[in-house]
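Everything below concerns the one structure shown next.
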Amino acid sequence: MNNSFNGPIPELNKLKELRSAYLSFNKFSGQIPANAFDGLILIKKLQLSQNQFTGAIPASLATLPKLTELKLDGNQFSGQIPDFKLPIQTLDLSNNQLEGPIPASLSKMDAQVFAGNKGLCGGPLKACESPAGSNSTSNDGSGSGSGSGSGSGSGSGSGSGSGPGSDSGSGSKKPPIWMIAILVVVGVLIVVAIFAVMMMKRPRKQEATPSSVEAPPSKVRAKGYKGEEHGSPGNSRNGKRAPEATVKLTFVRDDRERFDLPDLLKASAEVLGSGSFGSSFKAALSIGPVVVVKRYKQMNNAGKEEFLEHMRRIGRLTHENLLPLVAYYYRKEEKLLVSDFVKNGSLAVHLHGRKSTGQPTLDWPTRLKIVKGVVKGLAYLHKELPSLIVPHGHLKSSNVLLNETCEPLLTDYGLIPIINQESAKKLMVAYKSPEYAQQGKITRKSDVWALGILILELLTGMFPGNFKGKESDHHQEEDLANWVKSVVGDQERPSKDMEVFDKEMGTINDSDGELMQELLKIGLSCCEEDVEKRLDLKDAVGRIEELKRKDDNGASKAGQ
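According to the working numbering, the sequence shown holds residues 1 to 560 in order.
Written out as structure tokens, the structure is:
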């Protein structure tokens, strides 16, 4: 939720234990196959709001026996609404291109559920001009027909072909390219799964246990490093290399309960997101913790020994404002990183996600607390990872989690050395900095620039991705800083400063307003396009901590 994941929807019907999926506020696109949700008999909640889906609402959604919440608003779904004869309690189909009569099973829903669909009629909306049911189904391949095939045409345009194995009678047509790609990927995954099962059953020689597998303290020269990491501990591996395939997780922390891949595969799972880097799942182990598993597809920039060395380095990091790495799984084809699940969600969800009933907004003291925690965690990374060019590299609101007291926890840090460089340049925040756009390089101050954007996002409540540059080679995050500058201007005008602040913070008194204006200046100083003029991280830490002290003193006096 609230990422930049794109492409077709993940194959959720492979996850038979799936209970809920939250994929709203992304950039998923294309038509969803009619059978995309077949077999998900346990799923209760599905949120696909604010994406770019087209075509008919998948017929398989109407067959899910436990579905109670379905949100498809803010897409481009077309055609008629399936007849949902299910215990749906929460439904949102607004702002699509749906047409035709509203099914009788949904006729008692509120009109807001269907708002923004000009072609709908019946139920809580205006009466239909013609009898309901005409042309209610279609076998022309437009996506609203039978659910027996792989569904409608490709997202790239034909819209008329049926997938392989369809019973619609158009088998002589070539399947769309995306369907061929999916079949290839599924085939590869099946082969990998069979191979993993074979490795589980094969007797293995007595070697080092997975949690003791160590790479030698070698000179790490993967891209993303300036030189050697000083003081890298580690035991040399005495034997020959370990088997290439294993189903064991390697734990990097001693204070966590041990489990292995089979435990994760049997766990109740929720899809948290899927995108260019890979997929994220919440896994609730039957006996054990609730964890998040991130599967990376683009993590081959370092060799195996370098990867193991880097994981140990990341595993040693301990700070109150970092979400610690718990364990990892290595294969040449894929990498899994396991961390604790944080129930309160990300900062992005709190700022930009739809507020559930009774969910409090982030007030000014909480936002200042979050900024202080973020900058402390970032400073710790810069201190403990001196050899990394950009110690975090991917700082943004969706990579800041909030615990139960709204203390921030940084995630996805320190990945630039092991992410494929072409993918990193396209996707990671550090590569959206002004210095990379202008000079083709990143620096340690690229993290400071990302911090500045985050500060402005917290103060304004504006999502950086909503600011699109005039040209395709402009960076979205750059424009948030430019927008703030355009509103505030070059001169000190407090009244103008107040115009940019998020109204969700509520009524602001004079003393808080002064602190907010000072933080705004810090954020803009962090976003300075000239790296030499940009604020140093150390100075940013000092100024933000001073602001927090002033805020605490003001609150103390007000309480007397």
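Using N, Cα and C, we set each Cβ at its ideal position, and we do this for glycine too.
Task: Cα-Cα separation, I416 to G393 - done: 6 Å
- [ ] Could you tell me if E129 is buried or exposed, where buried requires 16 or more neighbouring beta carbons within 10 angstroms of its beta carbon?
- [x] exposed
TODO: Could you tell me the distance, in whole angstroms, from the CA atom of L378 to the CA atom of I190?
DONE: 40 Å
Task: Three-state secondary structure assigned by DSSP to F307 - done: helix
Task: Whole-number beta carbon distance between A327 and D249, since they are thought to touch under 8 Å - done: Just to set this straight, residue 249 is Leu in the shown sequence, not Asp. Indeed, because the Cβ distance is near 4 Å, the residues count as touching under 8 Å.
- [ ] Entirely within the stretch 329–416 and at least 4 residues each: give me those alpha helix (DSSP H) ranges in chain order.
- [x] 347–352, 364–384
- [ ] Use the C-beta contact count for D110: other C-beta atoms within 10 angstroms, 16 or more gives buried, fewer gives exposed.
- [x] exposed
Open item on the list: I need the DSSP call for P243, collapsed to helix, strand or coil.
Closed with: Only weak support is given to the placement of P243: the predicted model assigns it a pLDDT of 42, under 50, and the value that follows is read from those uncertain coordinates. If DSSP states are grouped into helix, strand and coil, P243 belongs with coil.
Open item on the list: Just verifying my parser: in three-state terms, what is the DSSP assignment at R549?
Closed with: helix
- [ ] Taking 7 Å as the cut-off, decide whether the C-beta atoms of I442 and A450 are in contact.
- [x] no
TODO: Using alpha carbons as the reference points, say which of K425, L362, V375, K432 lies closest to E504.
DONE: L362
Open item on the list: Please state whether the Cβ-Cβ distance between S339 and L325 is less than 7 Å.
Closed with: yes
Task: Delimiting residues of the beta strand (DSSP E) encompassing Q52 - done: 52–56
Open item on the list: Just to confirm the assignment: which complete alpha helix (DSSP H) runs, minimum length 4, are found wholly within the stretch 504–535?
Closed with: 510–526
TODO: Tell me, please, which residues DSSP counts as bridged to T90.
DONE: E69
Open item on the list: Count Cβ pairs between the stretch 369–385 and the stretch 419–435 that sit closer than 8 Å; are there 3 or more?
Closed with: no
Open item on the list: I'd like the list of long-range same chain contacts for S280, defined as Cβ closer than 8 Å, with 5 residues on each side in sequence excluded.
Closed with: V271, L272, G273, S274, V292, V293, K294, R295
- [ ] State the DSSP-derived secondary structure class of K294, mapped to helix, strand or coil.
- [x] strand
Open item on the list: Rounded to whole angstroms, what is the Cα-Cα separation between L563 and K27?
Closed with: For the chain, the structure presents residues 1 to 560; residue 563 sits outside this window and is missing.
Task: Whole-angstrom distance between Q80 and H319, CA atom to CA atom - done: 52 Å
Open item on the list: Please tell me whether E518 and L480 are closer than 7 Å, where the distance is taken between their beta carbons.
Closed with: no
Task: Classification of S107 by the beta-carbon crowding that lies within 10 angstroms, buried from 16 upward - done: exposed
- [ ] Compute the distance between the beta-carbons of F84 and S60, then report whether it is under 7 Å.
- [x] no
Task: 6 Å CB neighbourhood of Q47 in its chain, flanking five on each side removed - done: Y22, S24, K71
TODO: Could you say if the stretch 396–409 and the stretch 431–440 meet the contact criterion of at least three C-beta pairs nearer than 8 Å?
DONE: no
Open item on the list: Shorter than 6 Å, the distance from the beta carbon of P33 to the closest heavy atom of the ligand NAP, or not?
Closed with: Of the ligands one can find in the structure shown there are none, so the ligand NAP has no counterpart to examine.
Open item on the list: Just to confirm my understanding: we take E457, look at its own chain, exclude 5 residues before and 5 after, and list those with CB closer than 8 Å. What are they?
Closed with: L351, S397, F463, P464, L480
Open item on the list: For a quick check, are the C-beta atoms of L76 and Q97 less than 7 Å apart?
Closed with: Correcting the residue identity first, residue 76 is Gln in this sequence and not Leu. Result yes, Cβ atoms of Q76 and Q97 sit closer than 7 Å.
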